[in-house]
Every structure is written in C-alpha cells, then in structure tokens.
Amino acid sequence: MAESWTVQRTGPGDVARMQAREQLLEAARELYGINGYRETAERDVCEAAGVPVEVLRQEYGSREGLLIALHNRVTTAGLRAAEAALLSEGIDDCSIAERVRRLFDAYVEAVTLDPREARVTFVEVLGVSAVVDEHCKLWRALWTEFLTGETERAVERGEAEDRDYRVDVMVMVGTVHELMAHHARRCRRARPEEVSGELTQLALSMLGSRSVG
1 MAESWTVQRT
11 GPGDVARMQA
21 REQLLEAARE
31 LYGINGYRET
41 AERDVCEAAG
51 VPVEVLRQEY
61 GSREGLLIAL
71 HNRVTTAGLR
81 AAEAALLSEG
91 IDDCSIAERV
101 RRLFDAYVEA
111 VTLDPREARV
121 TFVEVLGVSA
131 VVDEHCKLWR
141 ALWTEFLTGE
151 TERAVERGEA
161 EDRDYRVDVM
171 VMVGTVHELM
181 AHHARRCRRA
191 RPEEVSGELT
201 QLALSMLGSR
211 SVG
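Counting from 1, one number per residue, gives the positions in the sequence shown under UniProt numbering.
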C-alpha cells in the first residue's frame with residue numbers, strides 16, 4: 001500500500017490530499033455501510049483506501065471523524081435536494097400536500113440512492129459516542145429550523161393552523177430518522193416513493209386537517 005500512496009503523491013499537495021480524503025470516504029462508505037462501523041478497524045479502512053493510517057488521522061482525526069464526515073456528506077446532499085425541490089419552478093402554485101411530497105421525494109432519493117450511505121447515515125451513527133451523538137443532534141436542530149420555516153410559510157398561506165409548530169417539528173424530525181433507520185435495516189429495500197409517502201402523511205397530519213385536502 002505504501003508504494004501506491006507514493007505514486008498518488010506525485011501531484012500537487014492539495015490534489016493528493018483531496019484524493020486521499022475521497023479514497024477514505026469511499027472506503028468508509030463500503031466498509032461501514034456493509035460490514036458496519038463497529039466491525040471496521042482503522043487499518044481496514046486505510047487498506048481499502050490505499051493510504052497509511054497516518055493519513056486518516058491527519059485528515060479526519062480517527063475512524064470516528066471519518067464516520068462524521070461521511071454522515072455530513074450524505075445529510076448535506078439530502079438537505080440541498082430538499083431546498084432545491086422547494087425552489088423549483090412552479091412550486092408556489094402547488095398545494096401544500098404536493099410541496100411536502102416533492103420535498104420528501106427529493107430528500108429520500110438523495111439519502112437512499114446508495115443503500116450503504118443510508119445505513120451509515122441512519123443506523124451506524126447510533127450510539128457510537130457522545131461526540132457523534134452531539135453531531136447528529138446539531139443536524140436535527142438544523143432540520144428543525146428548516147422545517148419550522150416551512151410550517152410558518154404554510155400558516156401564512158392559510159394552509160395550516162396558526163400556532164407554534166416547533167415542538168411538533170422536533171418530534172417529526174426524530175420520527176423521520178427513526179423511520180429511515182427502520183427502512184435502512186430491512187432486508188427488503190423499500191421503494192423511495194413508499195418511504196416518501198409515509199413521511200408526507202406524517203408531515204400533513206402534523207400540519208392539521210386544512211392541509212390534507
């Protein structure tokens with residue numbers, strides 16, 4: 001493995017670092033997503049990535065840091081997909097049910113495109129450490145802010161009851177992650193539209209009867 005790393009470092013330093021980081025992320029996706037995080041040692045990831053252990057520690061600090069980085073990449077893709085759906089052409093002319101459905105369609109497609117990434121994002125991060133728990137808590141808070149903003153816009157349009165939805169959204173965000181973890185653990189992979197449909201109904205129920213018409 002040392003020889004292959006020497007060859008990779010012949011380019012500019014920044015390019016070599018980016019290449020090493022990507023190789024580590026790809027190795028983590030494969031090993032954490034198939035064998036499991038707890039069953040994967042640092043040396044396993046580094047051997048699969050073709051880089052020395054010192055590179056992993058330099059770039060990510062530890063295999064835990066690599067787990068967080070992979071979780072960040074997938075969850076960021078999900079958030080960006082949801083944002084893009086809500087900014088798409090014609091979205092303002094859609095019913096609240098259609099907007100919510102488009103949001104979750106985009107989110108579910110992004111985070112379940114690769115089953116290995118879905119397992120890492122919703123299953124392998126659970127109960128790893130206080131550091132990983134805090135990282136996931138920050139992401140849940142971000143999603144709470146994002147979805148609370150959407151409920152406020154639904155209220156402004158007269159599509160939902162005029163009340164404070166923050167607690168409801170916090171509960172919903174937790175439920176979304178539990179539901180995604182459930183589907184990620186199943187032997188039979190649920191179709192994205194099935195998962196999106198469940199999340200849509202959950203959100204519409206939270207918003208009240210006026211949004212379900």
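For each residue, glycine too, the CB sits at the ideal point set by N, CA and C. Just so it is clear, the structure is predicted and the values come from calculations on it, not from any experiment.
- In the DSSP annotation of this structure, the continuous segment of the alpha helix (DSSP H) that includes residue 149 starts and ends at 130-156.
- Secondary structure note for residue 51: it is in no alpha helix (DSSP H), with a DSSP letter that is neither H nor E.
- Its Cα nearest to that of residue 19, the residue 59 stands out among 59, 167, 74 and 128.
- Between the alpha carbons of residue 30 and residue 183 lies a distance of about 19 angstroms.
- For a cut-off of 8 angstroms, the C-beta gap from residue 124 to residue 37 is around 4 angstroms, short enough to register as a contact.
- If the five residues before and after residue 48 are omitted, its C-beta is found closer than 7 angstroms to the C-beta atoms of 27, 30 and 31, all from its own chain and listed in chain order.
- Between residue 66 and residue 24, the beta carbon gap of about 6 angstroms places them in contact (Cβ cut-off 8 angstroms).
- In this structure residue 120 is in contact with residue 33, their Cβ atoms being roughly 5 angstroms apart against a cut-off of 8 angstroms.
- Boundaries cannot be given for residue 122, as no alpha helix (DSSP H) includes it and DSSP labels it neither H nor E.
- The residue among 74, 22, 39 and 77 with its C-alpha nearest the C-alpha of residue 56 is 22.
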